[in-house]
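Peer 1: I am attaching a structure below and will ask some questions about it afterwards.
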Amino acid sequence: MRRRGIALVMLAVAYRAVLPIHANEIPQTERRSGFGFMAPDTQAMQGDDTVNPGTLWVLDGEVLWNRKVGSADKACADCHTDARETMKGVAARYPAFDKARGRPVDLEQRINLCRTDHQQATPLPYESRDLLALTAFVARHSRGMPIEGGSDPRLEPFVAKGRELFVRRQGQLNLGCANCHDDNWDKRLAGSAITQAHPTGYPLYRLEWQSLGSLQRRLRACIAGIRAQAYDYGAPELVELELYLMSRARGMTIETPAVRP
Amino acid sequence: MASALINVPARARRGDVIEIKTLMSHIMETGYRHTASGDVVPRDIVTSFTCRYNGTEIFRADLFPAIAANPFITFFTTATESGRFEFEWIGDRGFSQTASAPITVE
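Protein chains in written order, with this note's numbering: chain A, 2 to 262; chain B, -2 to 103.
Quick look at the structure:
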C-alpha cells in the first residue's frame, strides 16, 4: 500500500517533469477575462442585472433552491439555509475534491450528488434549464470574489492531467487548447477574439447559444472545433480540464452570470 | 419561475424622458429548423409586445422569427404622471405574459 502511494507521488512528479513549461504561458500581469475582449454593448449587457438574460436563470435557481424535491422531501434551503451566506465563495473553489469519489467534481456534479444522496431525487440532465439555473444561482453568490480553483493539494495530480489535456495536440486540425489560448490570444479567429480561456463567468449567457450554458458545453464546442471527438458531459477529462482552467485563472474575479458573444 | 425583467425608474420629474427596459424569457423558435429526422420544429415565438401607461398604449411592437431568444425591448417615453406601466407579451401556442411597474412623478 505504502509502495503504491510512493509510486503515485512519483507519477505526479513525473507528470510535472515531462511537461515542459509552455514557452507562451500568459504572464500573471497580462491575464484578461473574456469580458475585456467584448464590445462595450455586450459589456453593458453583462453589467446590468435587469438587462443580463442570465438573471432569468438566477431567479429560476432561487425558486428551485427553495423547492422541496425527491423522496426525502427536502429543499436545498432545508440544509444549506440562506444561500447568500452559505454559498458565498463556493463557486470560486470548484471543481473541488470529493472524498468519497477520490477525485474532483464540478459544481453541476456537486448539485446532482446532493440531489441523489441527500434529496433522494433523480439527477438533473446536463444543460437542462433546472441544472443551469441552480448552478447559476449558487455561482451568483461568488460574484466579485477571487477564483481559488485547484488550491487543495489533493487536486494536484488532477490539475496536472487537465494541463496535459490543455497542451496536447489532438483532432484532425492537430491543435491543443494552448495553441490558441496561450499562443494566439491577442489575435482573431474568423473575426472573433480568441481570448485567454479563463472561465470566470460560468454558467454564462452566450448570445450565439441564445441561452445560458455550462463550461463543459463551451469545452465540448471547442473540442469539436478542432475536429476531435468531444468527451461526454461529466467525463473525468472535462472536469480535469475545468479544474486546470480554474487553477490557471486563480485570483481572477468570478462574474457569473457573465454574457459572452 | 421568472419570466420578465423590467427596469423602469422608480421616480422621475414631470416631463423627464425616461428609458424603459424589458426582457422576456422565451425560446423564440423560428419554425425554420428541422429535427434530425427531418420534421419541422414548429414556430413558437412572441408575436406582439404592448406597453400601457395608466391605461394608454404608449408603445407596441410586432415580433418576427428573426428576433433572438429572450427578446429585449427598450424604449423611451415622457414621465407625465404617477401610476403604472403595464406590459403584455402575446405569442404562439397561447403564450401570454403580463408584468407591471410603478412610477412616482414629482
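Idealized CB from N, CA, C, for every residue including glycine.
Give the secondary structure of Ser0 of chain B by DSSP, where H, G and I count as helix, E and B as strand, and everything else as coil.
Peer 2: Three-state DSSP puts Ser0 of chain B in coil, outside helix and strand.
Peer 1: Quick one, which of A:Leu216, A:Asp74, A:Asn67 has its alpha-carbon nearest His81 of chain A's?
Peer 2: It is A:Asn67.
Peer 1: In angstroms with no decimal places, state the Cα-to-Cα distance between Asp184 of chain A and Glu157 of chain A.
Peer 2: Distance between the alpha carbons of Asp184 of chain A and Glu157 of chain A: 24 angstroms.
Peer 1: Who are the near neighbours of Ala247 of chain A in its chain, counting only those whose CB is closer than 8 angstroms to its CB and skipping five residues on each side?
Peer 2: One detail in the question is off: residue 247 of chain A reads as Met in this sequence, not Ala. So the list reads Tyr95, Pro96, Ile148, Gly150, Gly151, Pro200, once near-sequence residues are dropped.
Peer 1: Buried or exposed for Gly37 of chain A, please, with buried defined as at least 16 other CB atoms from any protein chain shown within 10 angstroms of its CB.
Peer 2: Gly37 of chain A should be labelled exposed.
Peer 1: Counting only beta-carbon separations shorter than 9 angstroms, does Ile22 of chain A have a partner in chain B?
Peer 2: Confidence in Ile22 of chain A is poor, its pLDDT being 49 and thus under 50, which makes the residue's placement too unreliable to answer from.
Peer 1: On the CB-based measure, 16 or more other CB atoms within 10 Å of its CB, does His142 of chain A come out buried or exposed?
Peer 2: The residue is buried, with at least 16 neighbouring Cβ atoms inside 10 Å.
Peer 1: Helix, strand or coil for Thr136 of chain A? Go by DSSP, reduced to three states.
Peer 2: Correct three-state label for Thr136 of chain A: helix.
Peer 1: Exposed or buried, which one is Ile27 of chain A when buried takes at least 16 other CB atoms within 10 Å?
Peer 2: With 16 or more other Cβ atoms within 10 Å, it is buried.
Peer 1: Quick one: what's got a C-beta closer than 7 angstroms to Leu166 of chain A's C-beta in the same chain, skipping five residues either side?
Peer 2: Hits under 7 angstroms: Glu238, Glu241, Leu242.
Peer 1: Quick check on Ser129 of chain A: buried or exposed, where buried means 16 or more other Cβ atoms within 10 Å of its Cβ?
Peer 2: Ser129 of chain A is exposed by the Cβ-count criterion.
Peer 1: Quick one, which of B:Ser93, B:Asp13, B:Glu103 has its alpha-carbon nearest Thr47 of chain B's?
Peer 2: Ranking B:Ser93, B:Asp13, B:Glu103 by Cα distance to Thr47 of chain B puts B:Ser93 first.
Peer 1: Who are the neighbours of Pro54 of chain A on chain B, taking C-beta pairs under 7 angstroms?
Peer 2: In chain order: Leu20, Asn67.
Peer 1: Select from the segment 37 to 51 of chain A all residues with a C-beta closer than 9 angstroms to any C-beta belonging to chain B, and list them in chain order.
Peer 2: Flagged, chain order: Met46, Asp49, Asp50, Thr51.
Peer 1: Verify the CB distance criterion: does Ser215 of chain A have a CB-CB separation below 9 angstroms to chain B?
Peer 2: So, not an interface residue.
Peer 1: In the DSSP assignment, find the alpha helix (DSSP H) that holds Gly341 of chain A and state where it starts and stops.
Peer 2: The structure shown does not extend to residue 341 of chain A, since chain A is modelled only from 2 to 262, so the question has no answer here.
Peer 1: I'd like to know if Ser129 of chain A contacts chain B, where contact means its C-beta is closer than 9 angstroms to some C-beta of that chain.
Peer 2: Answer no: the Cβ-Cβ gap between Ser129 of chain A and chain B never drops below 9 angstroms.
Peer 1: Please report whether the beta-carbon of Ser212 of chain A lies at a distance below 9 angstroms from any beta-carbon of chain B.
Peer 2: Yes, its Cβ sits closer than 9 angstroms to a Cβ of chain B.
Peer 1: Express the C-alpha separation of Arg164 of chain A and Arg189 of chain A in angstroms, rounding to a whole number.
Peer 2: Approximately 23 angstroms, taken between the alpha carbons.
Peer 1: Where does Ala259 of chain A land, buried or exposed, given buried means 16+ other C-beta within 10 angstroms?
Peer 2: Result: buried.
Peer 1: For a test of the three-state rule: what should DSSP assign to Pro237 of chain A, helix, strand or coil?
Peer 2: It is helical.
Peer 1: Rounded to whole angstroms, what is the Cα-Cα separation between Leu108 of chain A and Glu54 of chain B?
Peer 2: C-alpha separation (whole angstroms): 46 angstroms.
Peer 1: For a cutoff of 9 angstroms on Cβ pairs, would you count Leu208 of chain A as touching chain B?
Peer 2: At least one chain B Cβ lies under 9 angstroms of Leu208 of chain A.
Peer 1: In chain order, what residues of the same chain have a beta carbon less than 6 angstroms from the beta carbon of Gly177 of chain A, not counting five sequence neighbours either side?
Peer 2: Result list for Gly177 of chain A: Val168, Arg169, Arg170, in chain order.
Peer 1: Which same chain residues, not among the five before or five after Arg104 of chain A, have their C-beta less than 7 angstroms away from its C-beta?
Peer 2: The answer, listed in chain order, is Phe159, Pro237.
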